[in-house]
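Here the sequence shown is numbered in this note's numbering, starting from -1 and rising by one per residue. Cβ coordinates follow ideal geometry from the N, Cα and C atoms, glycine included. Have a look at the structure below, then the notes.
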Amino acid sequence: MKRLLAIILILTLMMPTTFIGYANENMNSQEFSDIKDHWAEQTIKKHHKMGMLSGYPDGTFKPDQQMKRSELITLVNKYFGLKEEANQNFEDVLGSEWYAGETAKAEYYGYIEDLEARPEELASREDVVNMMSLILDTQEQTSKDEKKEFTDLKDTDKKTEERIEKFSENGYIGGYKDGSFKPKRIINRAEILTIIENILGYVVTSQEDVDNMPEGVTKVTIINPNIIIENKEIKGDVYIAPGVNGSITIRNSKIKGQMHVSGGTTKKPIQLENVEVEKIIITKIKNEPKVAITGKSNIGEIKTKAEAKIEISGETTVGEIKTKAKTELKLDKDVKVEKVIIEGKTKLDTQKGSQIKNLVAKEQAEITGEGTINRAEIKSENVVIEKRPDYVKVDDEVEHTNIGKDKMDAKNDDEKENSGGGSSSSKNNSSSNKDTTAPTWIAGYPYAEIKSNELKIFTNLNEKATVYYSVYEEDRNFTVDALIAIGNSYQAEANVAETVYSCGIETGKTYHISLTAVDTYNNKQSSVEKIAVSEIDTTPPMNVAGYPKVTDVTKDGFKLKTKIHEGGTGYYIVLPHGMAAPSAEQVKNGQDSNGTNAQIKGSTLLNAKEEAVSVVTGLGEGIAYDAYIVCVDHAGNIQAAPTKIEIATSISTDTTEPIVGNTGTITASNETANSVDISWTAGSDDRTAEGNLSYKVVYSTTNSINSVADIETSANGIVAKDWTANITSATVTGLNENTTYYFNVLVKDEAGNIAAYTAASKATLLSADTTEPTVGNGGTITASNETANSVDVSWTAGSDDRTAEGNLSYKVVYATTDNINSVADIETSANGTVAKDWTANINNFQVTGLTENTTYYFNVLVKDEAGNIAVYTVASKATVLSADATAPTVGNSGTITASNETVNSVDVSWTAGNDNRTAEGNLSYKVVYATTDNINSVADIETSGNGTVAKNWTANITSATVTGLNENTTYYFNVLVKDEAGNIAVYTVASKATVLSADTTEPTVGNGGTITASNETVSSVDISWTAGSDDRTAEGNLSYKVVYATTNNINSVAEIETSANGIVAKDWTANITSATVTGLTENTTYYFNVLVKDEAGNITAYTAASKATATAVPAILTINGYVDVMSYYDANGTYSLENEEYNGKKSYKMTKVEDGRTNTYYIIWEEDNYTMVQWGGPSADDATAPHSARWWLRVDDPNETGKTDIDCYIDAASSNGADSNIPPTGQNWFDALNIGWDNTLENTNATITY
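Below, the structure is given as structure tokens:
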């Protein structure tokens, strides 16, 4: 059983959505129950969310469970996207195992070096390193940590040792506090996930993963094809896994790190468009990658370490290309490459317009095309260059090569005068007219400029020549010959302006350029032309990839390492973790986000691209901090935001052992013949949480396991439970009966300190169980519920001295002879037939498959957990009934009732029948109907097929609605009843019913058709009426329609429905007796009517059309679209005023009560929309003393003419007499005591809308 479970567990590794463990469809939306507070909790959650793993059916993940090599191989294949299988498997894999396909993949991709895969062995830490080192190119990875010398690798082979050290340097896997690596230690599920996380970073399996990629991701791994990455900035490396056998496209993106290409094919290349990449490294496992680069891309370096094809087009610039393996390289026009180094067999196609400044051929190469090569160094035989470079140097050891379609015999351009074959050119081939004049610069040339980190040199000469140049930050003085010897060069045509680019330029610096020219007759200029060029630096410095970073964290400090691309100063502050982030300027000033000086701060001088190390001290032990770092260049440009690094200082070595619980007491209980339960109280520790303490349970037949030394040093005792976290009990099994054992428990903290529980508990095991169980109720067995083929057998549960009642098992047997009365009869002689084999915790069973009218004997055996068996003492006897041939009895003498007749349906009901064997609820019924009286018997209905089935056989019903009938027709109805044996009876009377005729009677209107109109407003009237009634439609199901008109032409159904007079205010709506009609015109008389409709569609009109007049109300004055003042004033009205917001504007709310109605108006002051023409007030004579005054406001709209202004006034008391032309100081318009309007003042240019 255990082996089967293990196989099931491992088989789940093959599921596409699982990497280890059982697949659980419910786990996609919930967390694992056993990872909370686990050190790898966040990593497990992340990979679960990515769909790369699932757990077990019980909702667990089991993070600390160890892995086999077969599981590790499956994991590697999944995460690296490896899908191809080798034809030949490993020697120790037969091919039928669940993992055979996975090991075949490992053989195909070659990441296991041995002839055997050893799939059943547990996977160790060195297994992980060895396998993944053969897939990853770890030598090219940027080291994150300093090289570590592990103390326990002396017995490890040199190759594995180097791989472990490289994995450690790259930050993939760490060692232990004591300086060891423990290469043979078995890896568990959580540890392998963490290593995968460190190696692969953010894993992309689909386009959705790209869309959900978080900002600031530092490493991306692509394991499936057909992925497109656009408009992304990846602040680290990109890895295209070897399992990618299709295209990958990256466009308009920046990769601030290395791009490792192990996937892709020649037909489906890796496509880079408008990208910036620091370095591209092509390494293959099996496939032959192809990389196509286009657009305005900028590549720092390309290196091929495996056979590859590279196509570069567009305005792409490349710093260096190094081919260390067989490579096909194509450069399209406008492509510029600073340097090409050939160390593997290479085919290079250079299209016209492309440029290689420096080419070094250390291996056989074939270079074709019309592209420009400024300088070539030939260090290998069999180098063919179709177009001659501007300058060629051939090593002395090289005897034969072919440059410019001519064979060269180890001659350099600086050793000969015009022997260049295909590259030679002259003004006059006549030796008598040989050119002896040096080339000269065209007026205005040469000159240079710097822009966007690129230096451009512009030259123009009067004849074809080779230009030699150098670029330095310092001003150097070269002779002509010295510059020719060390400078870069390119071929310049006569009277053609040439542009030369130089990469790697830093803004803010001055560069000194030296130039000279030599024509094709080796005439040299007599002097060196010098140019100085610079650009104001306004660009903040950029961090070199991987910087800043923190290393060597101790209990009170760390090392801060900073590196930028130019010179400057690095500043840092250290704050307690969780404080608000400071700005870049605050970090520079040594302040936190509140402007307070940070306790820990500092700065360091930075040289361009050189690592600077700051030793930061003064931190607290075991505390979390946030370090903020910002860099400033020499021009004073500061980075936009500081870089944040979280640090947790270490704590001093823990040497204190845990404290045992309850003074070390151990309790032994539940002794059996071969097991004992051991329990103890949990221990405690000064640094390790209680739940993280681990326990080890040991036992012995001698009292020799009382201390840590006894158990760990002397190895006394047998381990019953090895180190396991957070347990306080264990069941010790595999013991010998009738033997005394001693038990003890060790407790260990996370630092490895161990304490022993102080008392070794002693327990004596019981002897073997040979006592049979006791049968229940003296062994009585009861037989009941006999049918034609079954009997129910029941008994009272037995008991046992050691086995719990619920764990006792039972076996039921039967026979037609009385020969099953003892255990020997049943178990030894095998008498009887087994009806129910051994089953725990049952006390009844239905024996089926019996023969009718036959007598049977029944007995029961009971068995305890030790296998002891007892027999129930009486064999019960029962006679099976004969077959059921009796029809059921119909209910209520077969009476059927028909009711609720409609035009097309009738309700049929009856009383339930009964049967001698079938329960009433299990009887089934069938309802039929006919237009003739021919469905009175079972034979009529079942044999002759008379009648139509309205309800087929249905259990436990006593009514049915028969539908689909014809109106005004008489029908006959009958019901059949059937028992479980299939016997059928007919209800004795066929009920007769006549279906009604169609409903053509219209409803009756309520209250004689009276309609009431009320609550008239300027635009609405309330209409109400009394509900109607109908002979067939319930009152609540009647529908109503409300119409209105300005003429009295809506008095009948015909006028409204046929002639379509009137406007519908409320369309057909059920169960209403009122409606509000809106959208009316003020001061207008309307007529209203209501229609009522039943369910058959018959319509009646209410008999009187109600008439109502919409009430005229005061008009509201609107100026420029806003309600401003009321347009009339009625002294008889009652007003109240209060301040209130209206549509977000400050206003007066004015409430007027008139004619029993209340109207509310809002008076709004729109200062921004109107022009204040004049204020009026008391004369200057009253300016010296407080007084009461009336202040007038005239509102003027200059955009309209022909309308009347409205002048508003307020009465207010002035506190002083100053400023007679404006309201008094502190007096606000809306603090007025009284308000009024005066229409006597008129103006012709106000906008007034009523």
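Secondary structure of G255, DSSP reduced to three states: DSSP, reduced to helix, strand and coil, places G255 within a strand of the structure shown.
Span of the alpha helix (DSSP H), counted from its first residue to its last, around G1060: Looking at the DSSP string, G1060 is not in any alpha helix (DSSP H), and its letter there is neither H nor E.
CB contact flag (S1265, T762, <8 Å): This structure cannot speak to residue 1265, because the chain is shown only from -1 to 1248.
Short Cβ contact (8 Å threshold) for L1251 with C629: Nothing about residue 1251 can be reported from this structure: the residues present for the chain run from -1 to 1248 only.
Given 8 Å, three or more beta-carbon pairs between the region 523 to 530 and the region 473 to 484: Note that the region 523 to 530 touches the region 473 to 484; at least 3 beta-carbon pairs, one per stretch, sit closer than 8 Å.
G99 - containing alpha helix (DSSP H), residue span: From DSSP, the alpha helix (DSSP H) with G99 extends over A98 to Y107.
Collapsed DSSP secondary structure at F1086 in the structure displayed: Taken through DSSP and simplified to helix, strand or coil, F1086 comes out as strand.
Range covered by the beta strand (DSSP E) that runs through T549: Note, T549: beta strand (DSSP E), K547 to T549.
At least three beta-carbon pairs within less than 8 Å, the region 955 to 969 to the region 891 to 906: The region 955 to 969 vs the region 891 to 906: in contact.
Close beta carbons around G93, own chain, < 8 Å, minus the five adjacent residues each side: Excluding positions up to five away in sequence, the list reads N87.
For S807, the residue or residues it bridges with in DSSP: S807 pairs with A838 and K861.
Rounded separation between V973 and K924 - CA only: For V973 and K924, the distance between alpha carbons rounds to 6 Å.
V289 burial status per 10 Å Cβ neighbour count (16 or more: buried): Answer is buried; the Cβ neighbour count reaches 16.
Residue closest to E384, alpha-carbon to alpha-carbon, out of A786, A363 and G715: Comparing Cα-Cα distances from E384 to each of A786, A363 and G715, the minimum goes to A363.
Own chain residues within Cβ distance below 8 Å of R183, not counting five before or after: Within the same chain, R183 has close Cβ partners S122 and R123.
CB contact flag (V275, I297, <8 Å): Going by C-beta atoms, V275 is nearer than 8 Å to I297.
Beta carbon of G774 nearer than 8 Å to that of T794: G774 is a Cβ neighbour of T794, given a cutoff of 8 Å.
For D905 and K1105, the rounded distance between their alpha carbons: If I take the Cα positions, the gap works out to 47 Å.
L481 versus K559: straight-line alpha-carbon distance, rounded: Taking the straight line joining both Cα atoms gives about 39 Å.
Proximity below 8 Å, CB of V611 to CB of K553: Contact check for V611 against K553 fails: the beta carbons are separated by 8 Å or more.
Segment contact flag, the region 570 to 586 with the region 637 to 655, C-beta cutoff 8 Å, min 3 pairs: With a cut-off of 8 Å, the region 637 to 655 and the region 570 to 586 count as touching, because enough Cβ pairs lie within range.
Sequence-distant residues of its chain with Cβ nearer than 6 Å to K320 (five each side left out): Cβ neighbours of K320 within its own chain (closer than 6 Å, five residues either side excluded): K301 and I339.
A1099 beta carbon less than 8 Å from that of N1046: No, the Cβ-Cβ distance between N1046 and A1099 is not below 8 Å.
CB of I1253 within 8 Å of CB of V614, strictly: What is shown of the chain runs -1 to 1248, which leaves residue 1253 out entirely.
contact_flag[the region 803 to 820, the region 828 to 835] where n(CB pairs < 8 Å) is 3 or more: By the criterion of at least three beta-carbon pairs nearer than 8 Å, the region 803 to 820 is in contact with the region 828 to 835.
Cβ neighbour criterion (16 or more within 10 Å) applied to K355: Taking every protein chain shown into account, the CB of K355 has 16 or more other CB atoms within 10 angstroms, so this residue is buried.
Cβ neighbours of I226 in the same chain (closer than 6 Å, five flanking residues each side left out): Apart from the 5 residues on each side of it in sequence, I226 sits with its Cβ closer than 6 Å to the Cβ of T247 in its chain, given in chain order.
Beta-carbon proximity list for G342, same chain, < 8 Å, skipping 5 on both sides: Closer than 8 Å at Cβ, skipping near neighbours: T302, T321, K322, A323, K324, T325 and E361.
Proximity of I190 and V127 at Cβ, strictly below 8 Å: Result no, Cβ atoms of I190 and V127 do not sit closer than 8 Å.
Range of the contiguous alpha helix (DSSP H) that encloses S131: Element bounds for S131: R123 to S131.
Meets three-Cβ-pair contact criterion under 8 Å: the region 1082 to 1101 and the region 1023 to 1037: Yes, the region 1082 to 1101 is in contact with the region 1023 to 1037.
Local Cβ density within 10 Å of Y470, reported as buried at 16 or more and exposed below that: Label assigned to Y470: exposed.
Per-residue DSSP class, three states only, for H45: In the structure shown, H45 sits in a helix (DSSP, three-state: H, G or I).
First through last residue of the alpha helix (DSSP H) which encompasses A582: Start and end: A582 to K586.
Cβ pair E1294, G317 closer than 8 Å: Outside the shown range of the chain, which is -1 to 1248, sits residue 1294, and nothing can be said about it.
Unbroken alpha helix (DSSP H) run spanning F165, endpoints: Counting along the chain, the alpha helix (DSSP H) containing F165 begins and ends at K156 to E167.
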